[in-house]
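Quick note: the sequence shown uses the working numbering, first residue 131, plus one each step. Here a beta-carbon is modelled for each residue, glycine too, at the ideal position from N, C-alpha and C. All values reported here derive from a predicted model rather than from experimental measurement.
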Amino acid sequence: ESIYNQMMTETEYYYSLYGYSFDRTDKTVIASIKSQTLTLMTENLALEQKAEALGLALTEEEEAAVEQDAQDQYNELISGMMEQYELSEEDAIAKAAEAGTTLAMIQYFLRNDKIQQKLHDYAGQDAAVTDEEIAAEFDTRVAKAKESYDATPSQYSTDVLNGSTIYYRPAGYRNIKNLVISLPEDVQTTVDDLSSQLYMATYYKYMYDYQLTNGGELDDATKQEYTDKSAEYQTQIDDLQAQLDAAAAAGREQIQAKADEVLALCKAEGADFDALMAEYNGDTATGTLVEVGYPVCADSTGYVEAFTQGAMALEKVGDVSDLIATSYGYHILQYASDVTEGAVELDDALRAAIESDLLTTKQDDAYTAAREAWIKEAKIKTHVSKF
Numbered sequence: 131e132s133i134y135n136q137m138m139t140e141t142e143y144y145y146s147l148y149g150y151s152f153d154r155t156d157k158t159v160i161a162s163i164k165s166q167t168l169t170l171m172t173e174n175l176a177l178e179q180k181a182e183a184l185g186l187a188l189t190e191e192e193e194a195a196v197e198q199d200a201q202d203q204y205n206e207l208i209s210g211m212m213e214q215y216e217l218s219e220e221d222a223i224a225k226a227a228e229a230g231t232t233l234a235m236i237q238y239f240l241r242n243d244k245i246q247q248k249l250h251d252y253a254g255q256d257a258a259v260t261d262e263e264i265a266a267e268f269d270t271r272v273a274k275a276k277e278s279y280d281a282t283p284s285q286y287s288t289d290v291l292n293g294s295t296i297y298y299r300p301a302g303y304r305n306i307k308n309l310v311i312s313l314p315e316d317v318q319t320t321v322d323d324l325s326s327q328l329y330m331a332t333y334y335k336y337m338y339d340y341q342l343t344n345g346g347e348l349d350d351a352t353k354q355e356y357t358d359k360s361a362e363y364q365t366q367i368d369d370l371q372a373q374l375d376a377a378a379a380a381g382r383e384q385i386q387a388k389a390d391e392v393l394a395l396c397k398a399e400g401a402d403f404d405a406l407m408a409e410y411n412g413d414t415a416t417g418t419l420v421e422v423g424y425p426v427c428a429d430s431t432g433y434v435e436a437f438t439q440g441a442m443a444l445e446k447v448g449d450v451s452d453l454i455a456t457s458y459g460y461h462i463l464q465y466a467s468d469v470t471e472g473a474v475e476l477d478d479a480l481r482a483a484i485e486s487d488l489l490t491t492k493q494d495d496a497y498t499a500a501r502e503a504w505i506k507e508a509k510i511k512t513h514v515s516k517f
């Protein structure tokens, strides 16, 4: 019953996320959730029996660990409900149980997760990956990355900024080192707050515009409502952008003297740009974005427009820009190097990552096949009508 109640509550929640009606008293709904509950329990029972037959039943230590983990999760849940809903412990326990969450239910799921992990390890124990498979997978990922970057050149810089694994570097990119003279902290806080508000207003306007264009047949009243809302958000966007620009401009006035001083140092003959970055840089980036630079091309969309334009205006490697004003302060950019087009090197670290991915896939596939066979051979029958 706990599992049934939990499945019913979760299904109702997911329906509500998408605005769909859900009647938990509907006979069809009840029959469906009952069937799902029995299917889940059937599979767990079959797998537990198989684990016992293979000598993989949980040890006393593992059973104790499951019980402790379940108790910890349950205590955390009840404490959270007491705080969120201002309930007594007794009422929180009752509310959780009504939704199907009991200590026994949590323990049931954790216990079966542990059993199935042991079966997973057993089924995949003979899986192995060859050098040829690693090389083939690397070539596949390189080709896929090239196809993606050919279609959308800006995706490469986005992947680098997001810390994604890089398999291929497209043509047309340069590495730009970025020395930032930051806005005063209080000004930056104001700018960040305005930027967040601007983002949300832009998002809501987009949603209303999308509904007007792609929302299907809308009645006149709804169309007018969405049009008015879009106009309201556009007014907010214009106002917030003006406030943001004014705040950033005022902040830049406060750092103008320092920015001019640092720029002169960067432009001086024999200047060590890296040393000046280490001393003056307000950019919070780390790693290769500092050591090598930001990847920028003419089509880059992950940076503010002034940054991209300033980076692409530099004519040759080693050139240093004038001050570039943005909502972060002033930027001084150096054209550090060109990005070499082509596949990256399949070094030991990348080889190990690919091998791990392929091995995990093989182990998962082996377990999926074995799991299906084990459940089938158990021949457990269920009777929804008796539930």
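Sub-8 Å separation of residue i and residue j beta-carbons
i: T512; j: T172; result: yes
i: V474; j: R304; result: no
i: V321; j: A377; result: yes
i: A500; j: A253; result: yes
i: S451; j: T438; result: no
i: Y329; j: Y298; result: no
i: L374; j: S457; result: yes
i: K359; j: Y336; result: no
i: G440; j: H461; result: yes
i: L488; j: E267; result: yes
i: E471; j: A301; result: yes
i: L249; j: A181; result: yes
i: G210; j: T139; result: no
i: A436; j: A415; result: no
i: L419; j: L309; result: no
i: K164; j: F517; result: yes
i: I505; j: A176; result: yes
i: Q255; j: P314; result: no
i: G400; j: G459; result: no
Secondary structure of residue i, DSSP reduced to three states
i: T167; result: helix
i: L309; result: strand
i: S467; result: strand
i: T172; result: helix
i: H513; result: coil
i: L460; result: Going by the sequence as given, residue 460 is Tyr instead of Leu. Here Y460 sits in strand by DSSP.
i: V290; result: helix
i: A195; result: helix
i: A257; result: coil
i: V159; result: helix
i: G412; result: coil
i: G302; result: coil
i: V392; result: helix
i: G185; result: coil
Exposed unless 16 or more other CB atoms sit within 10 angstroms - verdict on residue i
i: N135; result: buried
i: R241; result: buried
i: V196; result: buried
i: S271; result: Here residue 271 turns out to be Arg, not Ser, going by the sequence shown. So R271 counts as buried.
i: A275; result: buried
i: V447; result: exposed
i: Q285; result: buried
i: A503; result: exposed
i: V317; result: buried
i: T343; result: exposed
i: G423; result: buried
i: N292; result: exposed
i: E178; result: buried
i: Y356; result: buried
i: K157; result: exposed
i: Y204; result: buried
i: L370; result: buried
i: L348; result: exposed
i: S312; result: buried
i: R382; result: buried
i: V514; result: exposed
Boundaries of the beta strand (DSSP E) in which residue i is found, first to last residue
i: T295; result: Unbroken run through T295: none, as it is neither H nor E.
i: T270; result: Where T270 is concerned, there is no enclosing beta strand (DSSP E), although the alpha helix (DSSP H) it sits in stretches over D261 to A281.
Residue span of the alpha helix (DSSP H) that contains residue i, given as start and end
i: T139; result: S132 to L147
i: V317; result: E315 to N344
i: A226; result: E219 to E228
i: F152; result: That residue, F152, is in no alpha helix (DSSP H); it is neither H nor E in DSSP.
i: G400; result: Note, G400: premise wrong, no alpha helix (DSSP H); not H, not E.
i: S486; result: D478 to A508
is_contact[residue i, chain D] using C-beta, thresh 8 Å
i: R304; result: The structure shown contains no chain D, having only a single protein chain.
What runs of the alpha helix (DSSP H), each 4 residues or longer, lie entirely inside the region 417-448?
Considered as a whole, the region 417-448 harbours 418-421 and 435-443 as its complete alpha helix (DSSP H) runs of no fewer than 4 residues, in chain order.
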